[in-house]
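First the structure, in the form of structure tokens, and then the observations on it.
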């Protein structure tokens, strides 16, 4: 299967019009995508025509699910809050996600430099517990690192007070593409999926079903659909209604030229309890992703932007760790975590537990939780849905048993072994093919033929191929969909309007944009990564 069929959005909207669905999912982030995949798989397993739809008001993974620390992790810092169950659950799911998408979820080493003997004793004990909780799913056991070894592998790190450290392992992920691949599986199993489709208002009918007014925000077309069960997986966009309002916590990141000497991340536990990562990032690991913050967000869900205070906080930590480095961020991004509000005094201490419940109105709502355990949350949600509307379909979820889009370790190994031949066939270096495999996995052979014979002006051949594939098979309908979801190209260098215009022209030529629309697309794309006080164009 190669991505979404080119006409999937149009077919899905047509199928949703005046339909009566069994389940309508609102929200195309990781939770909505996971629920859609699970429902689709159970639909196929049972052979029963369960009608499922998913609509997203923006683009898939354009919020928290795509703009995060890009980590699949157990949550080492949660041990401080005695959340042993959450950590163990997360570590088990870390292994499951590596199996589901080995091309997107890769092990990453973390260097933890320590500057006091008390901290060293405390964190070494925590890492031993981390390994024990991982059990036989562990990537590799942590090890203690001497001061001399740290200075050898990371010579620019601050030396004053350094007493040694540790090396431990978690995973890095392309979180936006991971969402897309869940949705591709869902679509292949019969789920109707559409982005840029706004659902409002919704009305409960006398028989308990829902009448939902849907608006295609691209065409302006408005129509009605009905659903026996409504699922609210909108995250930060969720309205309190008959439920409890989530606590919106903003997490912000900075992007800058690479600080770390090796291809490992650096982890730092600050005095306030926060953990900040310096993660090697970018297509060639040429960047550092610096984050995250934990700040209560008081604005609207569409207003998540890094503040000057957050930027100064992150730069302060980077400067403390690398006192002689030139630290010049060129981009930033922020997103909101809709957490359960348990009255914790600080955003850092706010619970990462999840809560899946029916509101008094009967809407199933997903609140809180971590990206890493999305599959478990989806499984729990689907069990509740089926128990209510179709108990005869209750069967064990198989979402942990089948890799996304056929991306088995064996299939990927075979594909990587074929990189030389594929490169020669498309006049590309094997390393370029291998980079595509890391992003597209088994869909790579469908991306390669889209590369033109030569660069198209400033647009490289593979950038062209990625954009063409995004438009045709990933429902990319705005410029930022390509730059921040299908790829992370928008984060990889300082962009301005002059640099973006050729890309807007190309995408616009396929989607029928006039010059005013192209200009607006450029402005919207620049706004995503703007630093505080930046002028944009």
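Residue numbers (the working numbering): 27 to 563.
Every residue, glycine too, gets a C-beta built ideally from N, C-alpha and C.
query	result
Cβ separation of residue 508 and residue 524, assumed to be a contact under 8 Å, to the nearest whole Å	Their Cβ separation, rounded to whole angstroms, is 18 Å, which puts residue 508 and residue 524 out of contact at 8 Å.
Residue burial classification, residue 110 (beta-carbon count within 10 angstroms, cutoff 16)	exposed
Contacts around residue 43, its chain only, beta-carbon distance under 6 Å, and the 5 residues preceding and following it disregarded	249
First and last residue of the uninterrupted alpha helix (DSSP H) at residue 472	470-473
Beta strand (DSSP E) segment containing residue 279, residue limits	273-283
Same chain, Cβ closer than 7 Å to residue 429, neighbours up to 5 away in sequence not counted	125, 126 and 127
Chain-order list of residues whose beta-carbon lies under 7 Å from that of residue 469 (same chain, five-residue window excluded)	28, 29 and 431
Burial state of residue 405 (16 or more Cβ within 10 Å)	buried
Beta-ladder partner(s) of residue 225, from DSSP	240
Counted within 10 angstroms of its Cβ, other Cβ atoms place residue 433 as buried (16 or more) or exposed	buried
Residue 23 (DSSP reduced to helix, strand or coil)	The structure shown does not extend to residue 23, since the chain is modelled only from 27 through 563, so no value can be given for it.
Option in 521, 522, 520 and 502 with minimal Cα separation from residue 513	502
Beta strand (DSSP E) runs contained entirely in the stretch 111-191, provided each spans 3 or more residues	131-140 and 169-171
Beta-carbon proximity list for residue 490, same chain, < 6 Å, skipping 5 on both sides	478 and 482
CB-CB length for residue 357 against residue 463, believed under 8 Å	Their Cβ separation, rounded to whole angstroms, is 26 Å, which puts residue 357 and residue 463 out of contact at 8 Å.
Residue 380, enclosing alpha helix (DSSP H) - first and last residue	First-last for residue 380: 380-384, but that is the beta strand (DSSP E), not the alpha helix (DSSP H).
For residue 108 and residue 117, the rounded distance between their alpha carbons	15 Å
Burial state of residue 553, where buried means 16 or more other Cβ atoms lie within 10 Å	exposed
6 Å CB neighbourhood of residue 205 in its chain, flanking five on each side removed	56, 59, 86, 87 and 91
Length of the line joining the Cα atoms of residue 381 and residue 409	14 Å
contact_flag[the stretch 234-241, the stretch 163-173] where n(CB pairs < 8 Å) is 3 or more	no
Local Cβ density within 10 Å of residue 244, reported as buried at 16 or more and exposed below that	exposed
Where residue 204 sits in the DSSP three-state scheme	helix
Counterpart residues of residue 198 in DSSP-defined beta bridges	97 and 132
Through-space distance from residue 325 to residue 48, alpha-carbon basis	35 Å
Rounded separation between residue 448 and residue 494 - CA only	19 Å
Opposing strand residues paired with residue 218 [DSSP bridges]	79
Anticipated Cβ contact below 8 Å, residue 113 with residue 159, distance rounded	5 Å
Neighbourhood of residue 136 by C-beta distance below 6 Å, restricted to the same chain and skipping five residues each side	194, 291 and 293
When 69, 528 and 123 are compared against residue 545, the one with the closest alpha-carbon	528
C-alpha distance - residue 532 paired with residue 480, whole-angstrom precision	15 Å
Status (buried if at least 16 other CB within 10 Å, exposed otherwise) for residue 46	exposed
Which of helix, strand or coil DSSP assigns to residue 361	strand
C-beta atoms of residue 334 and residue 558 nearer than 8 Å	yes
Residue 187 classed as buried or exposed, judged by whether at least 16 other C-beta atoms fall within 10 angstroms	exposed
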